[in-house]
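K.L.:
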């Protein structure tokens with residue numbers, strides 16, 4: 117009895133001591149690593165033995181290692197908008213707005229699958245060398261599914277366009293490709309962003325407050341998000357920078373707690389846009405202190421802070437602004453994501469861990485990139501069937517334009533680094549030489565302010581002993597100290613290391629010094645420049661030309677001018693360092709200005725035909741930079757008119773991510789092709805279309821307007837007169853438009869003539885290729901509510917399928933319209949189906965435009981049906 121009593125007392129004493137011991141001194145319960153337990157149980161075991169400070173450290177994108185618990189460091193920030201980005205070489209697919217023109221759901225799934233293959237392979241390689249910095253993880257902050265409501269928005273080309281239905285359908289397939297189909301583990305985690313009602317202006321995004329009607333909210337701005345949550349089961353949502361109805365979107369109880377979780381059943385984690393929690397204090401002024409801003413974020417449903425403001429959560433707990441339970445809830449969500457990516461389990465039981473690294477940029481992936489680029493090209497005009505070209509009948513082809521031979525014009529923003537990018541010039545040469553001669557002229561800069569800086573060619577660089585290139589000395593520190601661990605001759609300075617080790621001794625925290633001589637080919641004033649992350653300095657002849665400090669995440673251009681003499685050897689001393697961020701280093705120049713237009717005209721005059729590549733690039737549209745107008749840059753417009761004045765046929769190739777008001781071109785140029793930002797295989801895909809090896813079939817995912825005068829102010833989020841669904845004017849080119857080298861007819865449209873509210877509506881149509889070439893057709897179904905009690909879209913896309921037909925071949929295409937597709941938001945902010953009539957339009961484009969565009973290769977037919985009774989849907 118006495119022995120048992122002593123034992124009991126000892127247990128009680130030890131238990132009491134244990135309860136007050138610091139967590140660091142307790143024996144760690146590593147049973148959270150037992151993969152036979154449920155994820156929920158394992159997460160609970162882990163969270164219950166973490167200190168408040170440890171918990172907080174895991175709620176920022178750069179999550180610190182906790183050695184005592186065997187939790188490795190993890191950086192949540194990664195990107196894969198159209199290929200694994202900022203992470204060494206990767207397959208680069210067409211930019212989102214471009215591939216949206218394919219209207220191909222299966223293609224989107226295939227692209228997501230390839231991206232996640234490459235992501236998994238890269239991640240496990242990084243883990244093997246213990247590299248756990250930014251852009252090395254398995255969760256990706258893609259896709260961007262905001263509605264491209266105004267062509268001025270600089271980030272519009274990151275989206276899938278202006279239509280909520282198209283956006284939701286394409287994003288769902290992309291996400292399922294990224295996240296995989298294993299019932300237990302995610303292949304990667306995708307993120308739908310930016311939630312919600314977010315599409316510029318960029319300059320106001322950190323303080324802007326948006327309010328829209330419930331009708332616009334639930335019928336335009338939210339459907340794609342709802343679709344990716346409920347159908348794709350996306351496991352991450354990124355909150356936007358702006359406020360919505362007074363609340364920060366990255367700390368909105370309405371958006372993140374009530375709507376996203378309570379109504380839609382979202383189970384994953386919410387991350388703020390980068391710096392958005394800080395904005396709660398400094399931009400939106402919703403908080404007076406950092407701790408209060410952090411508290412608003414965490415209580416408002418934002419689990420993970422991209423940034424560092426959540427370090428103030430410990431202070432917020434002390435001030436009773438939040439409870440530790442609030443922090444635990446967020447922590448459980450983010451840890452669950454890590455568990456479900458298999459980060460705490462042996463590779464042997466986690467699918468996807470054995471994907472070989474040589475799958476990155478493999479030939480199969482490259483072929484898919486070419487297919488995606490082909491399917492995304494939109495033929496806008498083909499006067500007198502100028503296209504396709506017959507290379508056997510052409511002796512000389514002029515390829516002209518500032519984007520014609522620049523690989524950066526292929527990729528848009530949030531891009532990876534293509535291993536073998538094919539520019540438009542290269543693609544055309546690949547196709548026709550030596551049968552025909554291709555002559556090239558740059559023609560102009562992108563605009564009057566933006567010079568076309570290009571890497572200084574190796575032929576103009578010399579080492580001390582006269583060899584081509586520069587002497588490079590690499591150091592295993594960021595200060596150029598000690599003996600170099602690698603010394604070699606670099607042909608030129610055009611490096612995109614992006615987490616790719618230079619050697620086994622040079623992975624992170626390295627520096628380089630390049631020395632030698634620059635020998636210019638002609639006299640004049642040169643624009644010298646750099647493009648780098650972190651720190652790069654150029655000295656020529658002892659004079660510092662430019663110093664680019666860069667940033668941790670975004671590369672930076674920096675330029676300066678210098679007068680140089682032809683043939684003179686100018687000493688060059690260039691330094692660069694990189695810490696643990698992805699590394700870029702380019703030494704750039706623009707040669708003395710010549711009359712580029714005169715040169716281009718001379719080339720065009722000697723050619724049989726001109727391919728004129730004009731447009732924009734991520735330097736003119738992108739994050740942080742909206743467009744002030746929607747015309748081609750004035751210098752490019754001048755170039756186009758000068759080339760057309762030669763009298764030779766001109767094929768205009770539009771290389772941009774947003775709508776361009778090409779009014780003069782539409783009336784005067786023989787053929788117009790929109791290639792968008794087509795990815796690494798863009799040049800080959802364009803050549804395939806030009807010479808008839810691929811029949812173009814893309815459709816515009818946005819409306820092309822004739823001018824900004826037709827649009828409401830950029831800051832106005834009301835959908836009136838925006839996008840094809842509400843715009844009552846006459847567009848330059850409508851949403852859903854695109855030509856083909858063959859023709860398609862539509863017959864036998866069948867629709868149930870009467871249905872009860874709440875029933876599905878079945879639609880079928882027969883599509884026939886009536887032309888002489890095989891080709892794809894994008895079958896589009898539009899629905900018009902003829903007798904609604906509240907304002908409705910003019911018509912809206914509610915179905916699409918991409919099919920392939922040989923000449924004379926037919927196919928029956930079927931659609932199912934679900935009750936929600938017939939519903940609307942009424943004046944009481946209820947989602948209802950009303951009794952009334954609907955018109956169904958089915959064809960290869962929107963209804964009502966073929967006659968206006970004179971050269972349609974498809975048609976639209978229609979019929980009507982009635983809805984009897986009414987129904988109210990439970991979910992808005």
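In our numbering, the protein residues as written are 117 to 992.
Built from N, CA and C at the ideal position, the CB exists for glycine as well.
(1) Could you name the residues of the same chain whose beta carbon sits closer than 6 Å to that of residue 279, not counting the 5 residues immediately before and after it, in chain order?
(2) Where does residue 293 fall in DSSP's three states?
(3) Can you tell me which of 740, 350, 904 and 631 puts its alpha carbon nearest to the alpha carbon of residue 274?
(4) Please name the residue, chosen from 308, 313 and 393, that lies closest to residue 384 on a Cα-to-Cα basis.
(5) For residue 428, count neighbouring C-beta atoms within 10 Å of its own C-beta (all shown protein chains included) and say buried if the count is 16 or more, exposed if not.
(6) Please name the residue, chosen from 193, 956 and 199, that lies closest to residue 254 on a Cα-to-Cα basis.
(7) Kindly indicate which three-state DSSP category residue 302 falls into: helix, strand or coil?
(8) What residue from 435, 874, 413 and 827 has the CA that sits closest to residue 373's CA?
(9) Helix or strand or just coil, what does DSSP make of residue 691?
(10) Who pairs with residue 591 in a beta bridge, going by DSSP?
(11) Terminal residues of the continuous beta strand (DSSP E) containing residue 920?
(12) Spatial neighbours of residue 342 within its chain, please: C-beta separation below 8 Å, excluding the five flanking residues on both sides.
(13) Tell me whether residue 222 sits in a helix, a strand or coil according to DSSP, three-state version.
(14) Straight-line CA distance for residue 445 to residue 401?
(15) Indicate the three-state DSSP secondary structure (helix, strand or coil) for residue 824 in the structure shown.
(16) If you draw a straight line from the C-alpha of residue 177 to the C-alpha of residue 349, how long is it?
(17) For residue 772 and residue 210, I'd like the C-alpha separation in whole angstroms.
(18) If you draw a straight line from the C-alpha of residue 394 to the C-alpha of residue 319, how long is it?
(19) At which residues does the beta strand (DSSP E) containing residue 491 begin and terminate?
(20) Check each candidate in 201, 803, 760 and 769 and name the one with the smallest Cα separation from residue 784.
(21) Return the Cβ separation of residue 796 and residue 207 in integer angstroms, given the expectation that the two are a contact with Cβ distance under 8 Å.
(22) For a test of the three-state rule: what should DSSP assign to residue 576, helix, strand or coil?
(23) What would DSSP say about residue 523, mapped onto helix, strand or coil?
(24) For residue 700, write down the residues that DSSP places opposite it in a beta bridge.
(25) Can you grab the Cα-Cα spacing for the pair residue 313 / residue 150, in whole Å?
(26) Identify, in the order they occur along the chain, each residue of the same chain with its Cβ nearer than 7 Å to the Cβ of residue 499, setting aside the five sequence neighbours on each side.
(27) State the start and end residues of the unbroken beta strand (DSSP E) segment that holds residue 642.
(28) Okay, do the region 854-870 and the region 284-303 touch, 3+ Cβ pairs below 8 Å being the bar?
(29) With 16 other CB atoms within 10 Å as the buried threshold, where does residue 423 fall?
(30) Would you tell me roughly how many angstroms separate the C-alpha atoms of residue 435 and residue 166, rounded to the nearest one?
(31) Would you say residue 611 lies against chain D (beta-carbon separation less than 8 Å)?
(32) In chain order, which continuous runs of the beta strand (DSSP E) of length 3 or greater are located wholly inside the region 173-206?
(33) Give the single residue among 147, 291 and 249 whose Cα lies nearest to the Cα of residue 198.
(34) Where DSSP assigns a beta bridge to residue 876, which residues make up the other side?
(35) Who are the near neighbours of residue 781 in its chain, counting only those whose CB is closer than 7 Å to its CB and skipping five residues on each side?
(36) If residue 614 sits next to residue 533, beta carbons under 8 Å apart, how far is it from one beta carbon to the other, in whole angstroms?
P.N.:
Let me lay it out:
(1) 913
(2) helix
(3) Residue 740 holds the alpha-carbon nearest to the alpha-carbon of residue 274 among 740, 350, 904 and 631.
(4) 308
(5) Burial is judged here by how many other beta carbons sit within 10 angstroms of a residue's own beta carbon; residue 428 has at least 16 and is buried.
(6) Checking every option, the nearest Cα to that of residue 254 belongs to 193.
(7) coil
(8) 413
(9) strand
(10) 627
(11) 912-921
(12) 284 and 380
(13) When secondary structure is reduced to three states using DSSP, residue 222 falls in the helix class.
(14) 26 Å
(15) Correct three-state label for residue 824: helix.
(16) About 22 Å.
(17) 11 Å
(18) 16 Å
(19) Residue 491 -> not in any beta strand (DSSP E); alpha helix (DSSP H) instead, spanning 479-492.
(20) 760
(21) Taking 8 Å as the upper bound for CB-CB distance, residue 796 and residue 207 are in contact here, some 7 Å apart.
(22) The three-state secondary structure of residue 576, taken from DSSP, is helix.
(23) Secondary structure at residue 523: helix, using DSSP grouped into helix, strand and coil.
(24) 612
(25) 42 Å
(26) The beta carbon of residue 499 is closer than 7 Å to those of 786 and 787 in its chain, skipping five residues each way along the sequence.
(27) From DSSP, the beta strand (DSSP E) with residue 642 extends over 640-648.
(28) no
(29) buried
(30) 20 Å
(31) Going by chain labels, chain D is absent from the structure shown, which holds only one protein chain.
(32) none
(33) Minimum Cα distance to residue 198 is reached at 291.
(34) Residue 876 is not bridged to any residue.
(35) Residues 756, 768 and 788 of the same chain have their beta carbon placed closer than 7 Å to that of residue 781, with the five preceding and five following residues left out of the count.
(36) 6 Å
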